[in-house]
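Q:
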Amino acid sequence: MKKKLIVTTVILLSLFLAACGENKEEVVANESNQELQEFDIMLDWYPNAVHSYLYTAVEKGYFEEEGLKVNIRFPANTTDPINMAATGDIDLGISYQPDVIAARAEGVPVKSVAAIVRNPLNHIIFLKDSGIKRPKDLEGKTVGWPGIPVNEPLVQTIVESDGGDMGKVKMTDIGFELNAAIATKRVDAVSGAFINHEVPVLAAEGIETNHFNPVDYGVPSYYELLFVTNDDTWETKQDEIRSFWRAATKGYEFMREKPDQALDILLKNQDEENFPLNEEVEKESLAELLPRMEAEGEMFGSQSEDLWEEVVQWLADTEYIKEVPDIEELFINIAE
Numbered sequence: 019m020k021k022k023l024i025v026t027t028v029i030l031l032s033l034f035l036a037a038c039g040e041n042k043e044e045v046v047a048n049e050s051n052q053e054l055q056e057f058d059i060m061l062d063w064y065p066n067a068v069h070s071y072l073y074t075a076v077e078k079g080y081f082e083e084e085g086l087k088v089n090i091r092f093p094a095n096t097t098d099p100i101n102m103a104a105t106g107d108i109d110l111g112i113s114y115q116p117d118v119i120a121a122r123a124e125g126v127p128v129k130s131v132a133a134i135v136r137n138p139l140n141h142i143i144f145l146k147d148s149g150i151k152r153p154k155d156l157e158g159k160t161v162g163w164p165g166i167p168v169n170e171p172l173v174q175t176i177v178e179s180d181g182g183d184m185g186k187v188k189m190t191d192i193g194f195e196l197n198a199a200i201a202t203k204r205v206d207a208v209s210g211a212f213i214n215h216e217v218p219v220l221a222a223e224g225i226e227t228n229h230f231n232p233v234d235y236g237v238p239s240y241y242e243l244l245f246v247t248n249d250d251t252w253e254t255k256q257d258e259i260r261s262f263w264r265a266a267t268k269g270y271e272f273m274r275e276k277p278d279q280a281l282d283i284l285l286k287n288q289d290e291e292n293f294p295l296n297e298e299v300e301k302e303s304l305a306e307l308l309p310r311m312e313a314e315g316e317m318f319g320s321q322s323e324d325l326w327e328e329v330v331q332w333l334a335d336t337e338y339i340k341e342v343p344d345i346e347e348l349f350i351n352i353a354e
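FYI, in our numbering the residues of the sequence shown are 19 to 354.
1) In chain order, what residues of the same chain lie with their CB nearer than 7 Å to the CB of His215, ignoring the 5 residues before and after it?
2) Using a Cβ-Cβ cutoff of less than 6 Å, which residues in the same chain neighbour Val299 once the five nearest sequence positions on both sides are dropped?
3) Sorted by chain position, which residues of the same chain lie with C-beta nearer than 6 Å to Pro343's C-beta, five sequence neighbours on each side aside?
4) Using the three-state DSSP reduction, which class does Ser130 fall into: helix, strand or coil?
5) Can the beta-carbon of Asp109 be found less than 8 Å from the beta-carbon of Asp58?
6) Buried or exposed for Lys286, please, with buried defined as at least 16 other CB atoms from any protein chain shown within 10 angstroms of its CB.
7) Any idea what DSSP makes of Ala47, helix, strand or coil?
8) Run through DSSP, which three-state label would Phe262 get?
9) Indicate the three-state DSSP secondary structure (helix, strand or coil) for Lys87 in the structure shown.
10) Which same chain residues, not among the five before or five after Lys154, have their C-beta less than 8 Å away from its C-beta?
11) Is Lys22 helix, strand or coil by DSSP?
12) Going by Cα to Cα distance, which pick from Ile345, Ile213, Leu145 is closest to Glu226?
13) Roughly how many angstroms separate the alpha carbons of Asn296 and Gly315, rounded to a whole number?
14) Considering Cα atoms alone, identify which of Leu244, Asp117, Ala211 is closest to Ala198.
15) Measuring only the C-alpha atoms, how far is Gln288 from Lys340?
16) What does Met60 pair with, by DSSP beta-bridge criteria?
17) Taking the alpha helix (DSSP H) that Ile176 belongs to, which residues open and close that run?
18) Return the bridge partner residues of Phe144 from the DSSP annotation.
19) In the DSSP assignment, what are the bridge partners of Asn248?
20) Quick check: the Cα distance between Val113 and Gly224, rounded to an integer number of angstroms?
21) Taking only the alpha-carbon atoms, compute the straight-line gap between Met189 and Leu86 and give it to the nearest angstrom.
22) If we count the other Cβ atoms within 10 Å of its Cβ and call it buried at 16 or more, is Lys268 buried or exposed?
23) Using beta-carbon positions only, say whether Pro277 and Leu243 come within less than 8 Å of one another.
24) Within the continuous beta strand (DSSP E) that includes Lys188, where are the two ends?
25) Within a Cβ cutoff of 8 Å, which residues of the same chain sit near Ala47, ignoring the five residues on either side of it in sequence?
26) Look at Ile213 and Glu312 and say whether their C-beta atoms are less than 8 Å apart.
27) Name the residue from Tyr73, Glu83, Pro116 whose alpha carbon lies nearest to the alpha carbon of Tyr241.
28) Just to check my reading of the structure: Ile90 and Leu72 have Cβ atoms closer than 8 Å, yes? What is that Cβ distance to the nearest angstrom?
29) Using only alpha-carbon positions, find the residue among Asp62, Leu54, Met102, Val131 that is nearest to Tyr80.
30) Judging by CA-CA distance, which residue of Glu82, Lys129, Ile119 is the nearest neighbour of Thr105?
31) DSSP on Gly162, reduced to helix/strand/coil?
32) Kindly indicate which residue of Thr175, Asp206, Val161 has the alpha-carbon position closest to the one of Asp191.
33) Looking at the structure shown, is Phe272 part of a helix, part of a strand, or coil, going by DSSP?
34) Could you give the distance in angstroms between the alpha-carbon of Met184 and the alpha-carbon of Gly158?
35) Among Phe272, Pro167, Glu290, Thr336, which residue has its Cα nearest to the Cα of Ser70?
36) For Val135, which three-state DSSP category applies?
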């Protein structure tokens, strides 16, 4: 009788454990099949090396782990990300620190939530044999720019810091034909060209260039790329934005540790029709970017109030902005 009782107890215990296992599997299945929250972001341009961490986060399922279905969109022009973030048509857009300040100064309710690249990629680029040796040499020259307004105070600061007269420099809007304009000598130099993209692309075509780093000539070391949203989106989707950044940070950490694998993921997601990528150029680009995406003692995405104040002051001094916005309204630190 005692033996029968023991056997019965063992059977019941087994059935109980099996049921628990089934319930556990059911919970996991429910979690994996949960309805994902749609979340729209817009890149600053077509996919390239700087976006590798985002495509890695998609590929590795990091966004899904946070309950998000991230839709990556491309802009038709450079102002789309900040404009569409301002209107709430997207949740986050990749834009530029000076543009956030200028928008806020005009009463547009946008703010930065995370810094992506921590110092300027935008350098003044010119042909090595152009005869340009110093910023003052831009007097009497034509400088092409892509219609992004911050290039005007940037060129002004660089030229005037070297004792030059900005009134003697001709600025002409060439859209995004930066490389073609300089290669064909339609302009003498370009502003708005990125050191991690246009320079290696030109080098791959056998075109040698030199450049002026704006930080060496009085321009603050502003955040080149950052994620922006509007005030209402931040208030209503704060949890989703934080979830997005946790997943994006995991993508960045993977990219930092395994850049070749992250780049392979990017190349699979390139827009071959509109913006085909050169693998060697993108490798060089990523090597240039990684040291600029995380500073010692500062987490990926974190932002400094002191730097925001410095950049605001620079834009006010160059009369790029007429009103000085409240620093507290310009950014949120979501990096954890």
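Even for Gly, the Cβ is constructed at its ideal location relative to N, Cα and C.
A: Per the coordinate set shown:
1) By 1-based counting over the sequence shown, the position of residue 215 is 197. Hits under 7 Å: Asn66, Ser303.
2) Along the sequence shown, one-based indexing puts residue 299 at 281. For Val299, where only same-chain residues beyond five positions count, the Cβ hits under 6 Å are Pro218, Val219, Ala222.
3) For the purposes of this step, residue 343 is taken as the residue at position 325 of the sequence shown. Once the five neighbours on either side are set aside, the close Cβ partners of Pro343 are Arg122, Ala123.
4) For the purposes of this step, residue 130 is identified with residue 112 of the sequence shown, where counting begins at 1. Looking at Ser130 - three-state DSSP - the assignment turns out to be strand.
5) Position 91 of the sequence shown holds residue 109. Position 40 of the sequence shown holds residue 58. Yes, the Cβ-Cβ distance between Asp109 and Asp58 is below 8 Å.
6) Looking up residue 286 in the sequence shown gives position 268. Label assigned to Lys286: exposed.
7) For the purposes of this step, residue 47 is taken as the residue at position 29 of the sequence shown. Because Ala47 carries a pLDDT of 30, less than 50, the predicted location of this residue cannot be relied on, and no value is offered for it.
8) The sequence position of residue 262 within the sequence shown is 244, counting from 1. The answer is helix: DSSP assigns Phe262 an H, G or I state.
9) As a working mapping, residue 87 is identified with position 69 in the sequence shown. Lys87 falls in the strand class under three-state DSSP.
10) The residue labelled residue 154 in the question sits at position 136 within the sequence shown. Excluding residues within five positions, the ones whose Cβ falls inside 8 Å are Val177, Asp180, Gly181, Gly182.
11) The count along the sequence shown starts at 1 and reaches residue 22 at position 4. Confidence in Lys22 is poor, its pLDDT being 34 and thus under 50, which makes the residue's placement unreliable; the coordinate value appears in the next sentence. DSSP places Lys22 in helix when its eight states are reduced to three.
12) Here residue 226 corresponds to residue number 208 of the sequence shown, with the count starting at 1. Selected option, being the one with the closest Cα: Leu145.
13) Position 278 of the sequence shown, counting from 1, holds the residue named residue 296. Position 297 of the sequence shown, counting from 1, holds the residue named residue 315. Their Cα atoms are separated by approximately 33 Å.
14) In the sequence shown, counting from the first residue as 1, residue 198 sits at position 180. Of the candidates Leu244, Asp117, Ala211, the one whose C-alpha sits nearest the C-alpha of Ala198 is Ala211.
15) Indexing the sequence shown from 1 puts residue 288 at position 270. Indexing the sequence shown from 1 puts residue 340 at position 322. In a straight line, the C-alpha of Gln288 is about 40 Å away from that of Lys340.
16) Within the sequence shown, numbered from 1, the residue matching residue 60 stands at position 42. Paired residues: Arg91, Gly111.
17) The residue given as residue 176 occupies position 158 in the sequence shown. Residues 169 to 179.
18) Indexing the sequence shown from 1 puts residue 144 at position 126. Beta-bridge pairing links Phe144 to Ala207, Asn228.
19) Numbered from its first residue, the sequence shown carries residue 248 at position 230. Answer by DSSP bridge pairing, in chain order: Val128.
20) Within the sequence shown, numbered from 1, the residue matching residue 113 stands at position 95. Within the sequence shown, numbered from 1, the residue matching residue 224 stands at position 206. One detail in the question is off: residue 113 reads as Ser in this sequence, not Val. Going from the Cα of Ser113 to the Cα of Gly224 covers about 31 Å.
21) Taking the first residue of the sequence shown as position 1, residue 189 is located at position 171. Taking the first residue of the sequence shown as position 1, residue 86 is located at position 68. Near 43 Å, if we compare the C-alpha coordinates of Leu86 and Met189.
22) In the sequence shown, the residue the question calls residue 268 occupies position 250. With 16 or more other Cβ atoms within 10 Å, it is buried.
23) For this step, residue 277 is matched to residue 259 along the sequence shown. For this step, residue 243 is matched to residue 225 along the sequence shown. No.
24) The residue labelled residue 188 in the question sits at position 170 within the sequence shown. Residues 188 to 191.
25) In the sequence shown, the residue the question calls residue 47 occupies position 29. Any reading at Ala47 must be qualified, since the residue scores a pLDDT of 30, below 50, and its modelled position is unreliable; the value itself is stated next. So no residue of the chain qualifies.
26) Looking up residue 213 in the sequence shown gives position 195. Looking up residue 312 in the sequence shown gives position 294. For Ile213 and Glu312, no; Cβs fall outside 8 Å.
27) One-based indexing of the sequence shown puts residue 241 at position 223. It is Pro116.
28) Residue mapping note: residue 90 aligns to position 72 of the sequence shown, counting from 1. Residue mapping note: residue 72 aligns to position 54 of the sequence shown, counting from 1. 7 Å between Cβ atoms; contact.
29) Taking the sequence shown and counting its residues from 1, the one referred to as residue 80 is at position 62. Out of Asp62, Leu54, Met102, Val131, Leu54 has the C-alpha closest to the C-alpha of Tyr80.
30) Sequence index remark: in the sequence shown, residue 105 carries index 87 (1-based). The shortest Cα separation from Thr105 among Glu82, Lys129, Ile119 belongs to Lys129.
31) As a position in the sequence shown, residue 162 is number 144, starting the count at 1. Residue state, collapsed to three classes: strand.
32) Translated into positions along the sequence shown, residue 191 becomes position 173. Considering only alpha carbons, the answer is Val161.
33) Translated into positions along the sequence shown, residue 272 becomes position 254. It is helical.
34) Indexing the sequence shown from 1 puts residue 184 at position 166. Indexing the sequence shown from 1 puts residue 158 at position 140. Those two C-alpha atoms are separated by around 10 Å.
35) Residue mapping note: residue 70 aligns to position 52 of the sequence shown, counting from 1. With distances taken between Cα atoms, Ser70 lies closest to Phe272.
36) As a first step, residue 135 is located in the sequence shown; it is residue number 117 there, counting from the start. Reduced to three states, the DSSP call for Val135 is strand.
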